[in-house]
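Q:
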Amino acid sequence: MKDKATGIAGSFKSIVKSIISGDILLLLRVDKLFPYILYAFMLGWVSIFMSYKMEQTLRVVEKNRVELETLKIYHAHKTCEYVGLDRISTVEEMLKNTGSDVKAPEKPADIIKR
Amino acid sequence: MQNHNTEEKGRRRTSNMLILFHVVFLCMAVAIIGKIVYLQFIWEPDPRYVKYFQPKKDKNEIDPQRGSIIDYKGKLLAMSTPMYNVHMDCYVLKEEYASMKDKEKGAKKEQEWISKAQQLADKLPEVLKEDGRNAAYYRDLILTGRRNKRRYVAIAKDIDHSTLLELKKLPLFCEGRNQSGMIIEEEETRQYPYDGLARRVIGYVRNNSDTNALHIGIEGEYNHHLRGKKGVEWMKVTDGKGMIQNMDSSFVAVENGLDIRTTLDINIQDIADRSLRANMAQEEDIVGGCVVVLDVETGAIRAMVNLQKDKRGEFREVFNMAAGRPAEPGSVFKAVTMTTLLEDGLIKLEDKLPTNHGVMSDMPKVNRDEYITSYERNNGVNQISIIDGFKISSNYVFRRLVKDNYGEKPEKFINRLHEYNFGEAYEFELEESGSARPRIPDPESAGWTIYDLVSVAIGYSVRVTPLQVATFYNAIANNGKMMKPYVVESIEDEGRVVRNFKPQILNGSICSKATADTLTRALKMVTLEGTASRLKNAKCTVAGKTGTSRMHLTNEERAGSRDPYSDINGRKKHQATFVGFFPADQPKYTAIVVVYTGLMSNNVYGGKIPAMTFKDIVDGIWAYDTEWGNVIKEKGSIPQMREEPISTAKGEDAPVPDLKGLGLKDAIFAIENNGYRFSHSGTGHVVSQTPKAGTKAKKGDKISIVLK
Chain A
1 MKDKATGIAG SFKSIVKSII SGDILLLLRV DKLFPYILYA FMLGWVSIFM SYKMEQTLRV
61 VEKNRVELET LKIYHAHKTC EYVGLDRIST VEEMLKNTGS DVKAPEKPAD IIKR
Chain B
1 MQNHNTEEKG RRRTSNMLIL FHVVFLCMAV AIIGKIVYLQ FIWEPDPRYV KYFQPKKDKN
61 EIDPQRGSII DYKGKLLAMS TPMYNVHMDC YVLKEEYASM KDKEKGAKKE QEWISKAQQL
121 ADKLPEVLKE DGRNAAYYRD LILTGRRNKR RYVAIAKDID HSTLLELKKL PLFCEGRNQS
181 GMIIEEEETR QYPYDGLARR VIGYVRNNSD TNALHIGIEG EYNHHLRGKK GVEWMKVTDG
241 KGMIQNMDSS FVAVENGLDI RTTLDINIQD IADRSLRANM AQEEDIVGGC VVVLDVETGA
301 IRAMVNLQKD KRGEFREVFN MAAGRPAEPG SVFKAVTMTT LLEDGLIKLE DKLPTNHGVM
361 SDMPKVNRDE YITSYERNNG VNQISIIDGF KISSNYVFRR LVKDNYGEKP EKFINRLHEY
421 NFGEAYEFEL EESGSARPRI PDPESAGWTI YDLVSVAIGY SVRVTPLQVA TFYNAIANNG
481 KMMKPYVVES IEDEGRVVRN FKPQILNGSI CSKATADTLT RALKMVTLEG TASRLKNAKC
541 TVAGKTGTSR MHLTNEERAG SRDPYSDING RKKHQATFVG FFPADQPKYT AIVVVYTGLM
601 SNNVYGGKIP AMTFKDIVDG IWAYDTEWGN VIKEKGSIPQ MREEPISTAK GEDAPVPDLK
661 GLGLKDAIFA IENNGYRFSH SGTGHVVSQT PKAGTKAKKG DKISIVLK
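Chains as they are written, first to last, in my numbering: chain A, 1 to 114; chain B, 1 to 708.
(1) Considering only their Cβ atoms, is the gap separating B/I491 from B/L258 smaller than 8 angstroms?
(2) Given A/D31, which residues of its chain have a CB within under 8 angstroms of its CB, disregarding the five upstream and five downstream residues?
(3) Going straight from the alpha carbon of B/T597 to that of B/V488, what length do you get?
(4) Mind checking the segment 611-623 of chain B against chain A and listing, in chain order, the residues whose C-beta falls within less than 7 angstroms of any C-beta there?
(5) Check for me: the beta strand (DSSP E) holding A/F41 runs from which residue to which?
(6) Check whether chain A comes within 8 angstroms of B/Y194, counting only Cβ atoms and requiring the distance to be less than that.
(7) Within its chain, find whatever has a CB closer than 6 angstroms to the CB of B/S394; leave out the 5 residues flanking it on each side and keep chain order.
(8) From B/K101, B/R66, B/Q40, pick the residue whose C-alpha is nearest to that of B/E494; which is it?
(9) When you check each C-beta in the segment 77-89 of chain B against every C-beta of chain A, which residues fall closer than 7 angstroms?
(10) Is it buried or exposed for B/T590, if we count other Cβ within 10 angstroms and need 16 for buried?
(11) Helix, strand or coil, according to DSSP, for B/V305 in the structure here?
(12) Could you check the C-alpha separation between A/R29 and A/I15 for me, to the nearest Å?
(13) Closest Cβ-Cβ distance between A/T79 and chain B: below 8 angstroms?
(14) Taking B/R463 and B/E328 to be in contact with their CB atoms under 8 angstroms, please state how far apart those CB atoms are, rounded to whole angstroms.
(15) Could you give the distance in angstroms between the alpha-carbon of B/D158 and the alpha-carbon of B/F422?
(16) Buried or exposed: where does B/P354 fall if 16 or more other Cβ atoms within 10 Å of its Cβ makes it buried?
(17) If you draw a straight line from the alpha carbon of B/K59 to that of B/A623, how long is it in whole angstroms?
(18) Taking 8 angstroms as the threshold (beta carbon to beta carbon), is A/G44 in contact with chain B?
(19) Please list the partners that A/D101 has in chain B, where partner means a Cβ-to-Cβ separation under 8 angstroms.
(20) Report the rounded CA-to-CA distance for B/M612 versus A/I112, giving the unit in angstroms.
(21) If you measure beta-carbon to beta-carbon, which residues of the segment 220-246 of chain B are closer than 8 angstroms to chain A?
(22) Determine the direct distance from the alpha carbon of B/A98 to that of B/G145, and round the result to whole angstroms.
(23) Which one or two residues does DSSP pair with B/A78 in a beta bridge?
(24) From the beta carbon of B/T695, is the nearest beta carbon of chain A less than 8 angstroms away?
(25) Could you spell out the range, first to last residue, of the beta strand (DSSP E) harbouring A/I15?
(26) What are the partner residues of B/Y589, as DSSP defines its beta bridges?
(27) Using a beta-carbon distance cut-off of less than 7 angstroms, what residues from the segment 651-684 of chain B approach chain A?
(28) If you measure from the beta carbon of A/K113 to each beta carbon in chain B, is any gap under 8 angstroms?
(29) Suppose the cutoff is 7 angstroms on Cβ atoms and the five residues either side in sequence are ignored; what does the same chain contact list for B/C540 look like?
(30) Taking only beta carbons into account, state which residues of the segment 42-64 of chain B come closer than 8 angstroms to chain A, listed in chain order.
(31) Verify whether the separation of the beta carbon atoms of A/I20 and B/H22 is less than 8 angstroms.
(32) How big is the Cα-Cα spacing for B/T81 and B/K35?
(33) What does B/L707 pair with, by DSSP beta-bridge criteria?
(34) I need the DSSP call for B/A154, collapsed to helix, strand or coil.
(35) Just the Cα atoms here: how many angstroms apart are B/A670 and A/V83?
(36) Name, please, each residue of chain A whose Cβ falls closer than 9 angstroms to the Cβ of B/T465.
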């Protein structure tokens, strides 16, 4: 039991000592895993890069959405304006105001059939 | 040896220093990790500052777009568009300029701002075009606001998008919110492109969250379909200070409102509205009127006009009288009586009865029918046929017929009226029908007398709405099939039909086809030779009936008079009606025109203003509906198309065309087509030309080109 405790204390001491001396990673043979560590770093970098690019794209999307919204509003206003002009009474009034001889039809349009 | 010791000492010192550094960094790493663990699991920030320690997120509530209301051909009757209110923070940057270390520079900046504000004020009247607001007004508004530290000064209200864009281009405003203090507020606003047309049927709301007027018209009745559902999205700030949707947060998609397709035809509505307004304007005492146009086959309402005179004397859509104002219909009800008599096989149109000077000798309380005495006088006869009685709208004839045929069994006659759906308010999409319960007297009731029966025969003692009368006439036009009038065709989502409202039959056969044909013949006679002869020259043959009834006065209106229909000065209120269908032989539309008067000494008749309005409506619809146009077949004469001569030179002073980059062929075409001559050198494409493009040359002048 005493031997076991001494062994653990020795291991702990050597770990602390190696941490202090800076060769803990070499002790753990992490140098063998170095390519994987590099790979993990690369994945992390790619992940950050992709997030950044995604944000950039979403900013463009957001900008386009605002632009589309503006166009939709413009379209809605124009539609409203032109629909109002489509009213028979309005057309007749406008023709009258411009002094035109054109009047509303007094008979139905002729139908051309094949 | 000494050197060796010195080196050893130096190496050890270096090693110790490195170990020291290493330990320091190690301690720092431990401290940082410890701090992270502490912050993550133990530390709790002051609640007041929590928001500053969290990434900025904005909850964005997306308002749904309210659905549109369209007519049955797809024309927009109501739609939602954003409108803008523009305010100005007049005090913007003033403090910053005042607190500048370089006072002179601050004063100069302030002066520049004021100068731009003055330029803005000069331009604002041109863009906003508001009465009484000139450049001086805006200049005073802005500069006073700046002096008085006002940060929210109203510049423009309810402007559209185009105007907003123009405003944004003006001096100062073009520099953005932070420089100009321009504050733009967007508000979704309901637009009605046809203004007040069919306003009562369509309804009115200011915007999607307006709950005040929602009980009116389609806007009110179908609000739950039109309004849609709000959406929610979370936004976050990006590194570039932009806002983007936070994909990690929950998202509720906005559901825009559904569109309502009505049965209205806005052109027919316009024709009916215009005709009614024009004709009502002829009689000062008319206080309101309504028109309903129905599609014969389906009962779809193509137009529903309700105009009431307001305090300023203008006619406006205020109340749905067509569906919500039951009243005694008068002589238009004689067609109902005649249908019953014909259907029961009790009369033929040519049957005759004695005129008896228009007096019901067995009913002393009934007034003499003056139309009969005139008829006797004009025709020198003492008998009148039923068709003639119908043409002149004789009360005596119809009272006599009903008294003689149903006097002993009045319930048979009254039950017929219930079969025609006059006894109940059928479900109608628009709200007023709920309160507009018709009234038919009950022969079983204690107050019933034979006078009620003869009164019902001529359209008194019953209360029905104009829409119900039109529905009955529509059934006659439809060979006895009574269709339920309806105003909503379908509910749609982006053009896809979600729910379709099919035509509904109220009564599959209120009468036989033979009865319907006979009645149509009688109704045609009314417009050709009877009380509605004003319709004789209508573009289509019309079958219809006039009706004039006096209206019950309130106690206040009677002012002590015993007569329920007139005041102490003998003045009465009238309801004048014309109802019919056209073309009479192949009916496509049924229409009713009703006008209401205030208290007046004269009479208003259904054969005058209502019939004139009806004629204008018939003529208008006839010209508008292509279905009734002449069909040109193979042998029709179509004007021969002629080839237009190709115009070449564009006149003596036509500018020289730009030829650079063109090949030789194209360049020659362009030169000669404009009436010039040419010379060239080289091959390839034109690199230079003399004279230059845009200069003026005379026809026939030479243009030299160099190709490379």
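In this text, a Cβ means the ideal position worked out from N, Cα and C, and glycines have one as well. Everything numeric in this text was worked out from a predicted model, so none of it was measured.
A: Well, looking at it:
(1) Taking the first residue of the second sequence as 1, we reach residue 258 of chain B at position 258. Taking the first residue of the second sequence as 1, we reach residue 491 of chain B at position 491. Contact flag set, yes.
(2) Residue numbering aside, residue 31 of chain A sits at position 31 when the first sequence is read from its first letter. Around A/D31: L25.
(3) Residue numbering aside, residue 597 of chain B sits at position 597 when the second sequence is read from its first letter. Residue numbering aside, residue 488 of chain B sits at position 488 when the second sequence is read from its first letter. Those two C-alpha atoms are separated by around 31 angstroms.
(4) W622, A623
(5) Here residue 41 of chain A corresponds to residue number 41 of the first sequence, with the count starting at 1. A/F41 -> not in any beta strand (DSSP E); alpha helix (DSSP H) instead, spanning 34-85.
(6) Working through the second sequence from its first residue, we reach residue 194 of chain B at position 194. Judged by the 8 angstroms Cβ criterion, B/Y194 is in contact with chain A.
(7) Reading the second sequence from its first residue, position 394 is the one you call residue 394 of chain B. Hits under 6 angstroms: D369, Y371, I372.
(8) Translated into positions along the second sequence, residue 494 of chain B becomes position 494. Ranking B/K101, B/R66, B/Q40 by Cα distance to B/E494 puts B/R66 first.
(9) M79, T81, P82
(10) Here residue 590 of chain B refers to the residue found at position 590 of the second sequence. B/T590 comes out buried.
(11) Translated into positions along the second sequence, residue 305 of chain B becomes position 305. The answer is strand: DSSP assigns B/V305 an E or B state.
(12) Looking up residue 29 of chain A in the first sequence gives position 29. Looking up residue 15 of chain A in the first sequence gives position 15. Approximately 13 angstroms, taken between the alpha carbons.
(13) If you number the first sequence from 1, residue 79 of chain A lands on position 79. Yes, its Cβ sits closer than 8 angstroms to a Cβ of chain B.
(14) Against the second sequence, residue 463 of chain B aligns to sequence position 463. Against the second sequence, residue 328 of chain B aligns to sequence position 328. Going by Cβ atoms, the distance from B/R463 to B/E328 rounds to 6 angstroms, so yes, they are a contact pair.
(15) The residue labelled residue 158 of chain B in the question sits at position 158 within the second sequence. The residue labelled residue 422 of chain B in the question sits at position 422 within the second sequence. Their Cα atoms are separated by approximately 47 angstroms.
(16) By one-based count along the second sequence, residue 354 of chain B stands at place 354. By the neighbour-count rule (16 or more Cβ atoms within 10 Å), B/P354 is not buried but exposed.
(17) The residue labelled residue 59 of chain B in the question sits at position 59 within the second sequence. The residue labelled residue 623 of chain B in the question sits at position 623 within the second sequence. So the two alpha carbons sit approximately 56 angstroms from each other.
(18) Translated into positions along the first sequence, residue 44 of chain A becomes position 44. For A/G44, the answer is no, since every Cβ of chain B falls outside 8 angstroms of its Cβ.
(19) Locating residue 101 of chain A in the first sequence gives position 101, where the first residue counts as 1. Simply none; closest approach about 17 angstroms.
(20) Reading the second sequence from its first residue, position 612 is the one you call residue 612 of chain B. Reading the first sequence from its first residue, position 112 is the one you call residue 112 of chain A. Their backbone Cα atoms lie some 33 angstroms apart in a straight line.
(21) T238, D239, G240, G242, M243, I244, Q245
(22) As a working mapping, residue 145 of chain B is identified with position 145 in the second sequence. As a working mapping, residue 98 of chain B is identified with position 98 in the second sequence. Distance between the alpha carbons of B/G145 and B/A98: 16 angstroms.
(23) Looking up residue 78 of chain B in the second sequence gives position 78. In DSSP, B/A78 forms a bridge with B/I69.
(24) Within the second sequence, numbered from 1, the residue matching residue 695 of chain B stands at position 695. So, not an interface residue.
(25) Numbered from 1 along the first sequence, position 15 holds the residue referred to as residue 15 of chain A. Not the beta strand (DSSP E): A/I15 falls in the alpha helix (DSSP H), residues 2-21.
(26) As a working mapping, residue 589 of chain B is identified with position 589 in the second sequence. Looking at the DSSP assignment, B/Y589 forms a beta bridge with B/D295, B/F582.
(27) none
(28) Numbered from its first residue, the first sequence carries residue 113 of chain A at position 113. At least one chain B Cβ lies under 8 angstroms of A/K113.
(29) Here the question's residue 540 of chain B lines up with position 540 in the second sequence. Excluding sequence neighbours, B/C540 sits near F582, P583, V618, W622.
(30) none
(31) In the first sequence, the residue the question calls residue 20 of chain A occupies position 20. In the second sequence, the residue the question calls residue 22 of chain B occupies position 22. In this structure, B/H22 lies closer than 8 angstroms to A/I20 by Cβ.
(32) Counting from 1 along the second sequence, the entry for residue 81 of chain B is found at position 81. Counting from 1 along the second sequence, the entry for residue 35 of chain B is found at position 35. Whole-angstrom Cα-Cα distance: 54 angstroms.
(33) By one-based count along the second sequence, residue 707 of chain B stands at place 707. DSSP lists B/V686 as partners of B/L707.
(34) Looking up residue 154 of chain B in the second sequence gives position 154. Correct three-state label for B/A154: strand.
(35) Position 670 of the second sequence holds residue 670 of chain B. Position 83 of the first sequence holds residue 83 of chain A. Going from the Cα of B/A670 to the Cα of A/V83 covers about 41 angstroms.
(36) Numbered from its first residue, the second sequence carries residue 465 of chain B at position 465. Those within 9 angstroms of B/T465 in chain A number zero; the least Cβ separation is about 27 angstroms.
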